[in-house]
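**Q** Submitted below is the structure of interest, expressed as structure tokens.
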Amino acid sequence: MPGQMSFVQNFPCFSIILCMFIGIISSAFKEKIARWLNIIALVVNIVLSAAVLLYTVRTGESYVYVMGRFPAPWGNELRVGMLETGLALFFCVIMLFCLLGGRHKLVQEVEEGKQGLYYVLADLMLSSLLALIYTNDLFTAYVFVEINTISACGLIMIRQNGRTIEAAVRYMIMSLLGSGLFLVGICMLYDLTGHLLMSNIKIEIARIVAEGAYRPPLLVTIAIISVGLAIKSALFPFHAWLPDAYGYSTVSSAAILSSLVSKGYIFLLFKIIYRVIGFEVFHDSKIVDILFLFGLMGMVFGSLSAIKENDIRRMIAFSSVAQVGYIYMGIGMGTQAGMVASVFHVVSHVATKSLLFISAIGLTDVSGGSRKFIELTGSGYRNKCAGVAFSVGSLSMVGVPMFSGFVSKLLFSQAAVQNDGKMLPTLIVLGISTILNAIYFMKTVIRIYTPVEEGEYPTVEWWSNKIYASVLLCFVVLNILLGVCSQPIVDLIESGLNIFA
Amino acid sequence: MSRMKSEDEYKKTKAFHFFRWLSGEKDPYIGNLEMKPQKEYITEEASIRERMRENQMVMDKVYNTKYNKWQILFRRFYRVMAVAFCIMLASLLLFTVSYLPPTGNASNPDNNEVAERYIEKGVQETGAVNIVTGMILTYRAFDTFGETNVLFIATCCVMIMLMIEDAELKKEEVLGDRRFEPKNDAILQAAAMILVPVIFIFGIYIILNGHLSPGGGFSGGATIGAGMILYTSAFGFKKTQRFFNENIYKVTKVSALCTYGLIGIYYYVTGANGIENHIPLGIPGHIVSAGIIFPINICVGIEVACTMYAFYALFRRGGL
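Sequence order for the protein chains is P and R. Going by my numbering, the first sequence runs without a break in its numbering and finishes at 501. Going by my numbering, the second sequence runs without a break in its numbering and finishes at 821.
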């Protein structure tokens, strides 16, 4: 209610606008100031999100924040609950780590005068992610999807060589196709319901479904929106843009893109399922089964492509295809348990994939910059810090207990057991995919710990690059925390999803 | 008593120039205008050979089309499938559209309380006679702030792509820029001299009247940007830089966006917390009215004009 709001409730709005402000202001400054402004923005955002998270956990319900003078169906609004603030906090933390961990490579790989622009893009990317997380309006979501797409292209191509520009063009074409389908879907939804606000659309759709009117357009709309967001988050048959985009861009970009950008779109899909279409309606349409099938195929084929790969960065990129497949499989199960598992896998994948990308760069740096496996032999001894971190990330991806990947696989299996129709395929593919994951990750870990004679490559001390080493340490701790103390997080996700709709 | 002019004196007068031009004896622009005979661009033989060799190399290594039967088959399959997929998607969408509510029907779902309030109470609540501007800048102000940021980030991306930092490279680029176009085109300059002020004034008019008549920041800014592009292509970058160089560009762009942001955050926070709004709405129809719409329109206009001109300058010579 206006007038009785606590001051903390303003924070989501502040954090979105703050990121935009910092982005705009830092475009006028040199690289160093832009970098500090970016760090300030991220730290302030972490504090603000943590405060809102505490507030929402204490009240136990979500609240609506009206952006402006006019209430819901006329103006814009944000809706804030535990799940949203939790993810916002987590995304800010990961973004800070990604930018700090890749900083030394950024300095080497990006032209001097353009490094400031990198932070501008990162700030606006963060603002768009936060807006996607918090918004309760479909058209606002579309506007911020645009910002997200453009800044992602910039993050890919800022390392200017032929491959990254080709990758950025490919990413842009595929991503615009996805945005276009999403926009067509929004237009159709508006035509059918007369609203752009998520909650109002849901009421209208419930009415339409009860009346039995407009069945074919509704089905097509759901399909178009799902496919559009699936293209943008690299679900299996639409993943062709992914390996180049993640494999050749500078390491911070690769980590941010793989861990945060695709997850922003997946979270938008969660939101559309719960708040726009309605969980029941979405479940009754057969789209879930298609998403389920694509998810399963992604889990197998993504891993197979990763096994074939001879380039460590591209291998990690292909592993993302498999992990996105897991998330869509959880959505495709069509149960609450599957959704919880998916959200937890989003969290665990964000923590693990950024760790893998950032630790891989340490390994390639001590192998003469080559990413081929043959050159990487023994690199775990040459850069011990990156080697340990890479092993932790690999173990987590494979699903060894104590690490975050194990918990998400456990949650997926539990969800599968509760689901009669889809139990068998889920469990079988989960098993196959785990074995395939183990093949390529363990192959890499064994490769980096194969002793070689004193070669031509230099050895790096544990703490030679302090920022890099402490970022890796934080990531490792985060992974183990997610693996060991998973129950509070799962509880948070469950209660967040309960008040999400 | 009239005085006879001497031959030399007469040759300096405008009348002499005019009659000489009329009789076709001399072109007055010779000497002023840099003229080059239009030649067809001929590629050097060496570079053609190089290109052919590279093409052959790519063909051999990547798409081994000549010998690889699977490749040929796949390409054909790919083309057929691409066409089939496009036809399928188009027919699916057309099929869906046939099920949507018919256009202009009074009982359509989109004729609901949302549109009703915009139309009936729009003028009273926003102070803007132009309902569309009132809607995008007050009811849905957050979306429009995002949209303005889309323009901003698009310029950032183009800068990453095309900005040239190196001073030497920049010099070459400027020389190369003149390869295909004559310098100091007098016709263009004369036309620009008349048109540019009119275009600027018209753009400013569109921006300032955004809340009264069709238009607003986006269209007015685009008009001003077009005027600046015309000025630059007539008189060159050096003259434009006297009033619009990179520093001025940065300052105007950042201050416009920041002003917008500050107004925006004031508006969101006071609105959400139920605090009284201190920006008066004014009398609808007056030039200074409609509360926050008037300053926001100016900010958006500046941002759009800067973006348009920056795109042109970056594509043309890799810098402002």
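Idealized CB from N, CA, C, for every residue including glycine.
#1: For the stretch 389-450 of chain P, list the alpha helix (DSSP H) runs that are entirely contained and at least 4 residues long, ordered along the chain.
#2: Compile a chain-ordered list of the residues in the stretch 625-655 of chain R whose CB is closer than 8 Å to at least one CB of chain B.
#3: Determine the DSSP secondary structure at Met-1/P, reduced to helix, strand or coil.
#4: Once you ignore the five residues that flank Leu-229/P on each side, which residues in its own chain have a CB closer than 8 Å to its CB?
#5: What is the DSSP secondary structure of Asp-611/R, counted as helix, strand or coil?
#6: Kindly list the residues whose CB is nearer than 6 Å to the CB of Leu-256/P, restricted to its own chain and excluding five residues on each side of it in sequence; keep chain order.
#7: Do you know how far the Cα of Tyr-449/P is from the Cα of Ile-489/P?
#8: Comparing alpha-carbon positions, which option in Leu-192/P, Phe-403/P, Gly-334/P and Gly-86/P lies nearest Gly-295/P?
#9: Between Asn-606/R and Asn-612/R, what straight-line distance do the alpha-carbon atoms span, to the nearest angstrom?
#10: Please say whether Leu-601/R and Pro-12/P have beta carbons closer to each other than 7 Å?
#11: Shortest alpha-carbon distance to Glu-77/P belongs to which of Ala-642/R, Glu-804/R, Asn-798/R and Asn-746/R?
#12: I need the DSSP call for Asn-606/R, collapsed to helix, strand or coil.
#13: Is the beta carbon of Gly-628/R sitting closer than 7 Å to the one on Leu-815/R?
#14: Taking Cβ positions, are Met-809/R and Gly-718/R nearer each other than 7 Å?
#15: Going along the chain, which residues of its own chain have a beta-carbon closer than 6 Å to the beta-carbon of His-239/P, five neighbours each way excluded?
#16: Would you mind giving the Cβ-Cβ distance between Met-67/P and Ala-757/R, rounded to the nearest angstrom? I have them listed as a contact below 8 Å.
#17: From the DSSP secondary-structure annotation, give me the bridge partner or partners of Asn-76/P.
#18: Distance cutoff 7 Å, beta carbons only. Does Arg-618/R sit that close to anything in chain P?
#19: Residue range of the alpha helix (DSSP H) that His-345/P falls in?
#20: Does DSSP put Asp-509/R in a helix, in a strand, or in coil?
#21: Taking C-beta pairs closer than 9 Å, name the residues in chain P that Asn-834/R reaches, listed in chain order.
#22: Identify, in the order they occur along the chain, each residue of the same chain with its Cβ nearer than 6 Å to the Cβ of Ile-543/R, setting aside the five sequence neighbours on each side.
#23: Please go through the same chain and pick out, in chain order, the residues whose beta-carbon is closer than 8 Å to the beta-carbon of Met-442/P, but skip the five residues on each side of it.
#24: Do you know offhand how far Leu-138/P's Cα is from Ala-168/P's?
#25: Determine, using beta carbons only, whether Leu-124/P comes closer than 7 Å to chain R.
#26: By DSSP, does Asp-686/R sit in helix, in strand, or in coil?
#27: Does DSSP classify Val-805/R as helix, strand or coil?
#28: What does Ile-123/P pair with, by DSSP beta-bridge criteria?
#29: Measure how close the beta-carbons of Phe-357/P and Ala-254/P come, nearest whole angstrom, since I'm counting them as under 8 Å.
#30: Using the Cβ count rule (16 or more neighbours within 10 Å means buried), how would you classify Phe-744/R?
#31: Going along the chain, which residues of its own chain have a beta-carbon closer than 8 Å to the beta-carbon of Phe-703/R, five neighbours each way excluded?
#32: When you compare only the Cα positions, how much space is there between Ile-705/R and Ile-749/R?
#33: Using a threshold of 7 Å, state whether the C-beta atoms of Ile-793/R and Ile-17/P are closer than that.
#34: Rounded to whole angstroms, how far is the Cβ of Leu-155/P from the Cβ of Met-198/P, which I believe are closer than 8 Å?
#35: By Cβ distance, which residues of its chain are closer than 6 Å to Ala-735/R, with the 5 residues on each side in sequence left out?
#36: Show which residues of chain P have a CB atom less than 7 Å away from the CB atom of Ile-766/R.
**A** For this structure:
#1: 404-418 and 423-448
#2: Absent here is chain B; the protein component of the structure consists of chains P and R.
#3: Since pLDDT at Met-1/P reaches only 43, below the 50 mark, its modelled position is unreliable, and no value is offered.
#4: Gly-178, Phe-182, Tyr-265, Ile-266, Leu-268, Leu-269 and Ile-272
#5: coil
#6: Reading off the sequence shown, one finds Ile at residue 256/P, where the question assumed Leu. Correct list, in chain order: Cys-98.
#7: 34 Å
#8: Gly-334/P
#9: 9 Å
#10: no
#11: Ala-642/R
#12: coil
#13: no
#14: no
#15: Val-321
#16: The pair is not a contact, with the Cβ atoms about 21 Å apart (cut-off 8 Å).
#17: Met-67/P
#18: yes
#19: 336-365
#20: helix
#21: Since the first residue of chain R shown is 502 and the last is 821, residue 834/R is not available in this structure.
#22: none
#23: Ser-394 and Val-398
#24: 26 Å
#25: yes
#26: coil
#27: helix
#28: In the sequence as presented, Ile is not what sits at residue 123/P; that position holds Asp. For Asp-123/P, which the question treats as bridged, DSSP gives no partner whatsoever.
#29: 5 Å
#30: exposed
#31: Thr-724
#32: 19 Å
#33: no
#34: With a Cβ gap of about 28 Å, Leu-155/P and Met-198/P do not count as contacting.
#35: Leu-689, Gln-690 and Ala-693
#36: Ile-17
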